[in-house]
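What follows is a single structure, written as structure tokens, with notes after it.
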Amino acid sequence: MWVTSSTSNVKTPTAIALGNFDGIHLGHRQVIKPIIELEAEYIPTLVTFTPHPQEFFTGKTRQLLTPLTEKVKRLESLKIRQLVRLPFDSSLASLGPQAFVEDILVKQLNVKYISVGQDFRFGKGREGNAQMLRELANNLGIFVYITKLKTLASGESGLRISSSRIRQCLAVGNVRQAKEMLSYPYSLEGMVVRGQQVGRTIGFPTANLQIPADKLLPRRGVYCVRVILATEEVIKGVINIGSRPTVNGQVPTVEVHLLDWSGNLYGTFLRVQLEKFLRSEQKFPSLDALKNQITQDCMIARQTLSQDV
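In UniProt numbering, the protein residues as written are 1 to 309.
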């Protein structure tokens with residue numbers, strides 16, 4: 001897939017899905033689907049913004065559900081052929097809706113078809129909405145498809161799927177509802193690096209994952225997980241996200257223990273799918289007490305993951 005932050009080398013003509021698309025959840029997939037169906041005529045292109053507009057205006061770093069490398073992999077699986085990351089700066093922020101359509105979408109991206117969500121906003125001060133985009137584009141002979149908001153098929157009726165709601169779920173450890181909205185398990189991935197190796201001394205060796213700095217971590221605590229090795233082998237496991245207070249840890253770490261598996265993982269890439277929150281991070285009075293709790297965690301994880309096959 002072609003990834004660019006410069007409109008000068010965009011492959012055209014384009015059919016674009018326009019938005020931020022953090023997470024590539026079920027609602028996003030509805031917006032993306034129409035442009036995929038036009039690939040025989042136009043290049044299916046996702047157009048997003050970097051940094052996120054909220055990050056630009058607040059000056060606060062925003063953690064992501066899908067950092068760039070992860071987003072690219074998920075978009076490739078959906079057959080998106082091009083990702084255009086428009087630099088969101090003071091110049092872009094000051095463009096009115098009409099100028100954005102004419103100067104960016106038409107002149108620079110040579111757009112022929114646009115797909116957006118019902119709640120899409122654009123232009124200076126967010127004054128443009130999906131209906132205004134349709135009117136402006138239609139005047140230029142460009143069709144705009146507006147997707148209705150997606151809600152969960154089960155559970156709470158009418159619960160809207162959104163990146164914000166997924167973040168709320170992850171903040172409280174509700175990875176199961178996050179999975180339902182994403183259509184895939186929320187995952188942490190990265191290279192295995194050397195840690196303090198405390199787990200090895202108590203019989204539970206762990207792989208210390210180096211997670212991208214902009215990846216959103218869920219609620220601290222212990223989860224049962226499925227670990228996908230570089231060989232695509234899937235192993236059951238438990239993961240601890242936190243600062244390991246029992247051994248006076250200071251820096252948050254992500255450590256995964258693979259159940260009934262042994263081998264050298266240093267320097268390898270792992271993808272860890274979070275399946276269920278087990279317990280909060282806590283400080284134990286001794287390493288023996290910690291060992292007993294991890295034994296319980298592993299037992300529950302085996303049972304839970306066996307039931308979820």
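For every residue, glycine included, the Cβ atom is placed at its ideal position computed from N, Cα and C. It should be emphasised that the depicted structure is a prediction, and the values quoted were computed from it without experimental measurement.
Among the options, the one whose alpha carbon lies nearest that of residue i
i, options, result
"VAL111", "PRO252, THR14, SER8, LEU136", "THR14"
"ARG160", "LYS150, VAL227, LYS236", "LYS150"
"residue 319", "GLU102, SER115, ARG165", "Nothing about residue 319 can be reported from this structure: the residues present for the chain run from 1 to 309 only."
"GLU232", "ARG194, GLN63, GLN273, LYS11", "GLN273"
"PHE269", "GLU281, ILE228, LYS276", "ILE228"
"LEU188", "PHE143, SER262, ARG271", "ARG271"
"ASN120", "THR147, LEU105, PHE143", "It is worth fixing the name first, because residue 120 is Phe in this sequence and not Asn. Measuring from the Cα of PHE120, the nearest candidate turns out to be THR147."
"THR66", "GLN210, VAL256, LEU182", "LEU182"
"PHE122", "PHE88, LYS107, ILE142", "PHE88"
"LYS124", "VAL175, VAL116, ALA93, ARG134", "ALA93"
"GLY173", "ALA153, ARG165, ARG220", "ARG220"
"GLY263", "THR45, ILE36, VAL192, LEU133", "VAL192"
"LEU105", "SER91, LEU133, LEU78", "LEU133"
"ARG194", "LEU75, GLY141, VAL254", "VAL254"
"ILE32", "GLN82, SER6, GLU70", "GLN82"
"SER280", "ALA289, TRP261, LEU265, GLY242", "GLY242"
"LYS291", "HIS257, PHE204, GLU275", "PHE204"
"LEU26", "VAL3, ILE211, PRO51, ARG74", "ARG74"
"LEU38", "THR61, THR12, GLY59, ARG165", "THR12"
"LYS276", "TYR266, GLN293, LEU265, GLN303", "GLN303"
"SER306", "LEU287, ALA289, SER286, LEU259", "LEU259"
"ILE294", "LEU265, ASN240, SER6, ARG29", "ASN240"
"VAL72", "ALA99, GLY23, GLN118", "GLY23"
"SER5", "ALA153, VAL84, ARG62", "VAL84"
"PRO252", "GLN210, SER91, GLY267, LEU265", "GLN210"
"LEU68", "ALA99, PRO285, PHE21, SER90", "PHE21"
Buried or exposed by the 16-neighbour rule on C-beta atoms within 10 Å, applied to residue i
i, result
"residue 310", "For residue 310 there is no data in the structure shown, the boundaries of the chain being 1 and 309."
"PRO218", "buried"
"PHE57", "exposed"
"GLU180", "buried"
"SER162", "buried"
"residue 337", "Here the chain comprises residues numbered 1 to 309, so residue 337 is not present and cannot be evaluated."
"GLN54", "exposed"
"THR206", "buried"
"GLN296", "exposed"
"THR9", "In the sequence as presented, Thr is not what sits at residue 9; that position holds Asn. The residue is exposed, with fewer than 16 neighbouring Cβ atoms inside 10 Å."
"THR45", "buried"
"ASN208", "buried"
"LYS283", "exposed"
"GLU70", "buried"
"VAL126", "It should be pointed out that residue 126 corresponds to Arg in this sequence rather than to Val. By the neighbour-count rule (16 or more Cβ atoms within 10 Å), ARG126 is not buried but exposed."
"GLN177", "buried"
"LYS60", "exposed"
"ASP288", "exposed"
"PRO97", "buried"
"LYS236", "buried"
"ASP214", "exposed"
"GLY128", "buried"
"ALA301", "buried"
"ALA230", "exposed"
"ALA137", "buried"
Expected contact under 8 Å - CB spacing of residue i and residue j to nearest Å
i, j, result
"ILE80", "MET1", "6 Å"
"VAL225", "VAL234", "With 8 Å as the limit, VAL225 and VAL234 do not qualify as a contact, their Cβ atoms being about 10 Å apart."
"GLY19", "VAL116", "6 Å"
"LEU216", "ARG167", "7 Å"
"ALA17", "ILE35", "5 Å"
"LEU86", "VAL47", "6 Å"
"LEU170", "VAL222", "Between VAL222 and LEU170 the Cβ distance is about 15 Å, and since that is not below 8 Å, they are no contact."
Beta-ladder partner(s) of residue i, from DSSP
i, result
"ALA207", "VAL256"
"LYS215", "LEU64"
"THR4", "VAL84"
"PHE49", "LEU86"
"LEU188", "VAL272"
"GLY237", "VAL225, LEU258"
"residue 310", "Residue 310 lies beyond the residue range present for the chain, which begins at 1 and ends at 309; the question has no answer from this structure."
"GLY242", "THR253"
"VAL31", "VAL31 pairs with nothing; no bridge assigned."
"VAL72", "According to DSSP, which records beta bridges pairwise, VAL72 is partnered with nothing at all."
"VAL193", "ASN208"
Segments of 3+ residues assigned as beta strand (DSSP E) that fall wholly inside the segment 107-181: 111-117, 143-147
3-residue-minimum beta strand (DSSP E) runs that sit fully inside the segment 257-307, ordered along the chain: 269-280
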